[in-house]
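2 protein chains.
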Amino acid sequence: MTIRSFHPQVRTLMGPGPADVHPRILEALSRPTIGHLDPQFVAMMEELKELLRYAFRTQNPLTMPVSAPGSAGMETCFANLVEPGDKVIVCINGVFGGRMKENVARTGGTAVVVSDPWGRAVDPQKLEDTLKAHPDARLVAFVHAETSTGARSDAKTLIEIAHAHDCLTIVDTVTSLGGCPVEVDAWEADAVYAGTQKCLSCTPGLAPISFHERALEKVRNRKTKIQSWFLDLNLVMSYWGSNQQRSYHHTAPINALYGLHEALLLLQEEGIEQAWARHERNHLALRAGLEVMGLSFIVPESERLPQMNTVSIPEGIEDAAVRSRLLHQYNLEIGAGLGELAGKVWRIGLMGYSSRPENVLFCISALGSVLNDLGAKVDLNEALAQAHAALGQA
Amino acid sequence: MTIRSFHPQVRTLMGPGPADVHPRILEALSRPTIGHLDPQFVAMMEELKELLRYAFRTQNPLTMPVSAPGSAGMETCFANLVEPGDKVIVCINGVFGGRMKENVARTGGTAVVVSDPWGRAVDPQKLEDTLKAHPDARLVAFVHAETSTGARSDAKTLIEIAHAHDCLTIVDTVTSLGGCPVEVDAWEADAVYAGTQKCLSCTPGLAPISFHERALEKVRNRKTKIQSWFLDLNLVMSYWGSNQQRSYHHTAPINALYGLHEALLLLQEEGIEQAWARHERNHLALRAGLEVMGLSFIVPESERLPQMNTVSIPEGIEDAAVRSRLLHQYNLEIGAGLGELAGKVWRIGLMGYSSRPENVLFCISALGSVLNDLGAKVDLNEALAQAHAALGQA
């Protein structure tokens with residue numbers, strides 16, 4: 005085959021991530037590569053940590069990006085904090101809770117599952133009951149914002165319960181960071197990880213993490229070696245730590261880090277509370293339009309994430325046909341269902357730079373038109389009017 | 005502190021990597037992000053695998069980039085191929101062999117070390133003797149091109165010996181891929197990994213790997229689960245495999261992969277044998293200049309890598325002062341010594357896009373000038389004339 009430079013057709017990304025990447029971030033990626041121990045680069049790393057602390061609302065010194073995607077951020081938390089034989093309570097209400105359980109197994113821990121329906125928040129009472137039944141548990145892990153369902157759990161309450169039972173916490177904020185309140189210090193979270201390709205509008209490939217001193221103490225006092233050399237925080241911190249003498253661990257993904265620096269700068273310029281409000285506003289406008297179309301959310305209103313809108317696919321409408329038309333006729337990507345929700349739902353993301361009024365209106369227009377083509381009777385006048393009204397009111 | 009967009013001072017990168025990144029690759033990084041399951045992206049992934057097979061000189065179907073830096077490529081090989089209790093022969097002749105040993109320990113294997121002096125190739129006879137003494141060994145691991153010393157080992161011979169003793173092989177080609185012959189199929193290598201930021205001229209952050217069917221069989225028939233979820237090839241292949249139905253494992257680093265695609269296209273356009281010849285030619289020119297300066301290589305000529313020129317620091321010359329002047333006065337980065345060579349050598353990289361006549365002449369001029377400033381008596385007329393002559397003769 006003859007291979008040429010890859011110039012993708014531009015899409016509007018309204019799936020579960022990656023979201024649209026801000027042009028300033030794309031430009032940042034193409035800046036000249038310099039060395040990973042260059043004093044200029046080391047100074048940029050310090051800024052990056054400061055900006056991440058702003059995004060996570062924390063003072064944790066160990067706040068940095070892992071040099072790999074969000075899944076590796078998850079693995080960093082489990083590989084460093086779980087020792088063989090440790091009992092870990094894992095709350096599962098979607099795909100990513102399930103992945104946490106798998107991580108516990110692979111680090112030699114024993115997972116005890118707190119199970120909630122997909123599309124619902126984690127039930128604090130169930131966590132409390134489970135902790136009472138397992139007083140030897142060491143850790144509690146849960147997903148703040150379940151990307152597979154669009155449900156938000158009450159992180160503060162879950163962490164309080166875990167701490168009352170002497171457990172440390174691992175919290176997945178992959179989809180929440182930058183899109184709705186993530187309050188690492190106010191929650192007293194012990195270890196959190198996130199992704200860059202969701203509400204930070206950045207490209208995928210990095211996993212911001214933040215560890216409280218309580219969690220670091222556990223890492224330092226392990227009886228066994230961390231099974232991953234690449235993710236061993238004791239080693240990673242010799243490069244990312246704040247001591248003057250940075251020593252080489254692995255070669256950092258220089259240009260990807262330029263992108264994250266720019267993404268976090270954009271967040272700081274907008275103001276994080278303003279970014280949360282924007283996500284909420286655009287969500288309400290999309291919701292108004294989707295409801296006119298007869299599409300209902302699978303998550304109860306009080307547990308809904310503004311950045312991840314999961315709606316049931318109407319009876320008689322074929323999932324793949326709709327997504328394929330949106331992609332090929334409108335260059336619009338929306339997300340399919342994952343796991344037990346495959347074929348049953350669409351996941352419409354309004355994350356980061358994708359969370360804009362123009363995307364809300366475009367999505368309603370395109371999805372409504374495709375549904376009408378397939379025989380539905382969507383009143384687009386009304387759907388767009390309701391969305392416009394919601395945008396105006398905000 | 006007030007944080008602004010990061011616009012680094014441009015450097016010439018002649019250290020151990022990252023090397024200078026070709027402008028076409030920097031441009032590729034800034035192309036619009038699309039989804040990791042977008043049919044356009046999936047088609048690009050197929051091209052990427054084909055281009056990597058060209059670079060590795062292999063037909064191995066499992067040839068793909070791991071979504072993390074070279075160190076994670078190393079860990080992918082060890083985590084998938086070593087089971088607890090396995091005995092692994094690790095050849096150490098520099099920093100990266102030592103890191104392999106650490107990987108064996110963390111996967112629960114037992115490492116038996118074949119030790120050679122830093123700056124020398126791995127001695128095949130020692131490997132043979134060690135394998136005879138350890139007939140229960142399962143794997144042999146070695147570094148083809150030791151980035152910490154600039155020594156090249158005879159991969160074909162080492163693999164032949166390993167196979168004669170029923171061992172699979174793990175070969176580090178991080179610094180060799182694209183810069184000197186790497187012949188995965190002709191060598192009959194079982195598992196190899198590389199980096200992108202060396203002789204492929206790309207940004208750091210990805211680790212190309214290639215696994216032969218023999219190695220995959222071992223992965224499939226493991227008695228124990230692979231301890232890393234993120235690096236488990238059984239799972240990764242559900243996304244990178246060639247089946248039509250790609251399923252989500254982790255979110256691929258989209259834009260970084262655009263960059264690698266462009267880098268490999270550049271390699272194919274030049275022709276891999278031409279790229280090897282270019283690395284050799286520029287190395288000979290640099291060598292001619294360095295020898296006039298009185299700088300001697302630590303690696304014997306027959307074991308020298310053209311892309312990694314390691315020379316002893318002259319008596320009385322302070323390592324850090326020279327590198328600092330080069331960086332601040334000339335924006336030129338050369339590499340420091342690592343491990344037991346720290347303070348004793350400089351590592352001058354001529355990798356990928358950095359391997360150009362202009363860089364050879366610039367490095368000789370700048371380094372010679374700095375040494376003269378510090379009291380050395382370098383004849384730059386002669387050094388440059390010799391380098392010019394070597395370039396002309398090639």
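Chains as they are written, first to last, in the working numbering: chain A, 5 to 398; chain B, 5 to 398. Don't be surprised by glycine CBs; every beta carbon is placed ideally from N, CA and C.
Can you round the beta-carbon distance between residue i and residue j to whole angstroms, since I take them to be within the 8 angstroms contact cut?
i        : j        : result
Ala125/B : Asp176/B : In fact, because the Cβ distance is near 13 angstroms, the residues do not count as touching under 8 angstroms.
Leu354/B : Leu55/B  : So it is not a contact: roughly 23 angstroms between Cβ atoms.
His216/B : Asn97/B  : Not quite, the Cβ-Cβ distance comes to about 24 angstroms (not below 8 angstroms), so this is no contact.
Arg3/B   : Thr314/B : Outside the displayed range of chain B (5 to 398) lies residue 3/B, so it cannot be described from this structure.
Ala267/B : Cys367/B : About 23 angstroms; that fails the 8 angstroms criterion.
Arg156/A : His148/A : 7 angstroms
Ala393/B : Ala281/B : No, Ala393/B and Ala281/B are not in contact; Cβ-Cβ is about 18 angstroms, not under 8 angstroms.
Ala219/A : Asp194/A : 4 angstroms
Gly263/A : Leu33/A  : 5 angstroms
To the nearest angstrom, how far is the alpha carbon of residue i from that of residue j?
i        : j        : result
Gln44/B  : Gln249/B : 14 angstroms
Gly209/B : Ile258/A : 8 angstroms
Gln129/B : Lys160/B : 14 angstroms
Val94/A  : Asp127/A : 12 angstroms
Val303/B : Arg28/B  : 34 angstroms
His26/B  : Glu106/B : 34 angstroms
Pro69/B  : Asp170/A : 41 angstroms
Ala72/A  : Leu384/A : 42 angstroms
Ile317/B : Ser152/B : 15 angstroms
Gln311/A : Leu288/A : 10 angstroms
Leu135/B : Val118/B : 10 angstroms
Val14/B  : Gly320/A : 58 angstroms
Glu386/A : Arg360/A : 20 angstroms
Thr200/A : Leu271/A : 12 angstroms
Lys91/B  : Ile276/A : 52 angstroms
Phe301/A : Ser9/A   : 41 angstroms
Leu290/A : Arg224/A : 47 angstroms
Leu261/A : Asn376/A : 44 angstroms
Ser214/A : Arg103/A : 20 angstroms
Leu331/B : Gln278/B : 31 angstroms
Leu2/A   : Thr6/A   : Shown here, chain A extends from 5 to 398; a query on residue 2/A therefore has no answer.
Between residue i and chain B, is any beta-carbon pair separated by less than 8 angstroms?
i        : result
Leu55/A  : yes
Gln231/A : yes
Met48/A  : yes
Ser152/A : no
Gln13/A  : yes
Gly347/A : no
Tyr357/A : no
Ser242/A : no
Gly182/A : no
Gln44/A  : yes
Exposed or buried, which one is residue i when buried takes at least 16 other CB atoms within 10 Å?
i        : result
Asp120/A : buried
Pro88/A  : exposed
Arg308/A : buried
Ala391/B : buried
Glu150/A : buried
Gly343/B : exposed
His283/A : buried
Lys229/A : exposed
Does residue i come within less than 8 angstroms of chain A when only Cβ atoms are used?
i        : result
Arg146/B : The sequence given here has Phe at residue 146/B, not Arg. Judged by the 8 angstroms Cβ criterion, Phe146/B is not in contact with chain A.
Arg218/B : no
Ala256/B : yes
Gly262/B : What sits at residue 262/B in the sequence shown is Tyr, not Gly. It does; some Cβ of chain A falls within 8 angstroms.
Arg110/B : yes
Glu311/B : The question names Glu, but residue 311/B is Gln in the sequence shown. Not closer than 8 angstroms to any Cβ of chain A, the Cβ of Gln311/B fails to qualify, so no.
Thr37/B  : yes
Ser34/B  : yes
Val326/B : no
Gln201/B : yes
Thr207/B : yes
Any heavy atom of the ligand GTP closer than 7 angstroms to the beta-carbon of residue i?
i       : result
Met68/B : For the ligand GTP, the structure offers nothing, since it holds no ligand at all.
TODO: Please confirm if the stretch 284–299 of chain A is in contact with the stretch 324–344 of chain A, defined as three or more CB-CB distances below 8 angstroms between the two stretches.
DONE: When C-beta atoms of the stretch 284–299 of chain A are compared with those of the stretch 324–344 of chain A, fewer than three pairs fall below 8 angstroms, so the two segments do not count as touching.
Open item on the list: Taking contact to mean 3 or more Cβ pairs, one atom from each stretch, closer than 8 angstroms, check whether the stretch 183–201 of chain A and the stretch 371–385 of chain A are in contact.
Closed with: Taking 8 angstroms as the limit for Cβ pairs, the verdict is that the stretch 371–385 of chain A does not touch the stretch 183–201 of chain A.
Open item on the list: Would the stretch 220–233 of chain A count as touching the stretch 16–28 of chain A if we require 3 or more Cβ pairs under 8 angstroms?
Closed with: Here the stretch 220–233 of chain A makes no contact with the stretch 16–28 of chain A; the two share fewer than three CB pairs at distances below 8 angstroms.
TODO: Would you check if the stretch 70–88 of chain B and the stretch 103–118 of chain B touch, i.e. whether three or more CB-CB distances between them fall below 8 angstroms?
DONE: Contact between the stretch 103–118 of chain B and the stretch 70–88 of chain B is present, because at least three Cβ pairs lie under 8 angstroms.
- [ ] Using a Cβ-Cβ cut-off of less than 7 angstroms, list which residues of the stretch 66–89 of chain B approach chain C; keep chain order.
- [x] Of the protein chains in this structure, namely A and B, none is chain C.
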